[in-house]
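Read through the structure below, which is laid out as structure tokens, and then see the notes.
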């Protein structure tokens, strides 16, 4: 089945949605991946129509190559995650007539990216290995390792801007007020724990994620944007995480300054992710990272197939549903527009 999926993806390398702009929907914003339309203007409670393209961005750059079926997978995962959290917090989701389209109510964004981490991973791991011990207003002890599980999920808010900046919890309180800040932090951690449990039931590790919130037309705090997708979260297989025991053993021998140094010598111990991080790793291996100048290296066909396959596998593993490959040319907007017309959106 795995090889069959890769064969289908390879046959659809050019069957991708590049632009989700629909002129008839009026005012819009172009994001790195999505086109966000405001057909009834930016009024609280009115519909926002988000068309998910198959573009992928890393290191603040949108790559030339598109990832087949990526936009559809993200929307399906987002719908699944939203449906599984309504007992924790209401969300802005509205019914959508097309799998490439996400429709939500427009809410007043609190303008704080609510990141929750369960492990020493990603940028935090790199900064820790460089000697930093204070993160987001919290001090961490010495002796932690990259990939290590934290005792409790860690709330690490950032500003919502083109280049997000870390915020302390005190700064979140100052911006939102103590009551709202406490609610946002509590709900973010509760959402993370729910996602972790659902992932664990499917043999997956939920590493970290980000959530966005806004106030709806009734001034109620609401989950908006996307939740628990591989573009906003990190996943891995629980079986893959078993490598961490070998990493601990190697580090206890005292031959390496940090896990990154160990992985340079023994790359087979690197814990593979089911997330956009895989794309970052490919681009980094090609010599480009944050702060690099010049053109971003291209993904080759094999890279694109592997990335698409990982997104689809994550969807199937997490939801237990079989991914239905679309039988249309995704890049043509006629079918999408027709579905929007039938749904009364266009």
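Numbering (the numbering used here), first residue to last: 5 to 350. Where is the CB? At the ideal position from N, CA and C, for every residue including glycine.
Selection 218, 305, 231, 139 evaluated against residue 173 yields 139 as nearest (Cα-Cα).
Per DSSP, reduced to three states, the secondary structure at residue 248 is helical. Here the alpha carbon of residue 306 sits roughly 42 Å from the alpha carbon of residue 141. Minimum Cα-Cα distance from residue 296 among the listed residues 287, 330, 30 corresponds to 287. For residue 208, the secondary structure class from DSSP, reduced to helix, strand or coil, is strand. Proximity of the stretch 184-192 to the stretch 148-156 falls short of the contact definition, fewer than three beta-carbon pairs being nearer than 8 Å.
By alpha-carbon distance to residue 62, the top candidate from 292, 338, 165 is 292. Separation of the CB atoms of residue 124 and residue 132 is rounded to 6 Å, and the pair is thereby assigned contact status at 8 Å.
Scanning 213, 48, 29 for the CA closest to the CA of residue 39 turns up 29. Cβ-Cβ separation between residue 350 and residue 102: approximately 10 Å, too far for a contact (criterion under 8 Å).
When the beta-carbon positions are compared, residue 74 and residue 312 come within less than 8 Å of each other.
Residue 17 and residue 231 have their C-alpha atoms spaced approximately 27 Å apart. In chain order, 55 place their CB closer than 6 Å to the CB of residue 105, counting only its own chain and leaving out the 5 sequence neighbours on each side.
Sixteen is the threshold: when 16 or more other Cβ atoms of the shown chains lie within 10 Å of the Cβ of residue 216, as they do, the residue is buried.
Scanning its chain for C-beta atoms nearer than 8 Å, with the 5 sequence neighbours on each side dropped, one finds around residue 239 the residues 203, 208, 209, 210, 211, 277, 278, 279, 318, 322, in chain order.
By a beta-carbon distance limit of 8 Å, residue 335 does not contact residue 81. Their separation comes to about 22 Å. Shown here, residue 106 sits in a strand according to DSSP, grouped into three states.
When secondary structure is reduced to three states using DSSP, residue 315 falls in the helix class.
Runs of the alpha helix (DSSP H) lying entirely within the stretch 54-100, each at least 4 residues long, are 74-87 in chain order. With 16 or more other CB atoms across the displayed protein chains lying within 10 angstroms of its CB, residue 218 is buried. For residue 117, the enclosing beta strand (DSSP E) covers residues 116-123. When the alpha-carbon of residue 153 is set against those of 200, 134, 115, the nearest one is in 200.
Residue 158 sits in a strand when the DSSP states are folded into three classes.
Rounded to whole angstroms, the Cβ separation of residue 220 and residue 96 is 7 Å, and the two are in contact under 8 Å.
Going by beta carbons, residue 41 and residue 53 fall inside the 8 Å limit.
About 4 Å separates the CB atoms of residue 162 and residue 168; that is less than 8 Å, so the two are in contact. DSSP places residue 238 in the uninterrupted beta strand (DSSP E) bounded by 237-241. The beta-bridge partner set that DSSP reports for residue 214 consists of 119. By alpha-carbon distance to residue 327, the top candidate from 43, 67, 24, 78 is 78.
Runs of the alpha helix (DSSP H) lying entirely within the stretch 157-206, each at least 4 residues long, are 173-180, 182-205 in chain order. In this chain, the beta strand (DSSP E) harbouring residue 34 covers 32-34.
Excluding residues up to 5 positions away in sequence, 149, 263, 266 lie with their Cβ nearer than 7 Å to the Cβ of residue 255 in the same chain. C-alpha of residue 89 to C-alpha of residue 257: approximately 43 Å in a straight line. About 16 Å separates the Cβ atoms of residue 108 and residue 26, ruling out a contact at the 8 Å cut-off. Counted as a single uninterrupted DSSP element, the beta strand (DSSP E) harbouring residue 228 occupies residues 225-228.
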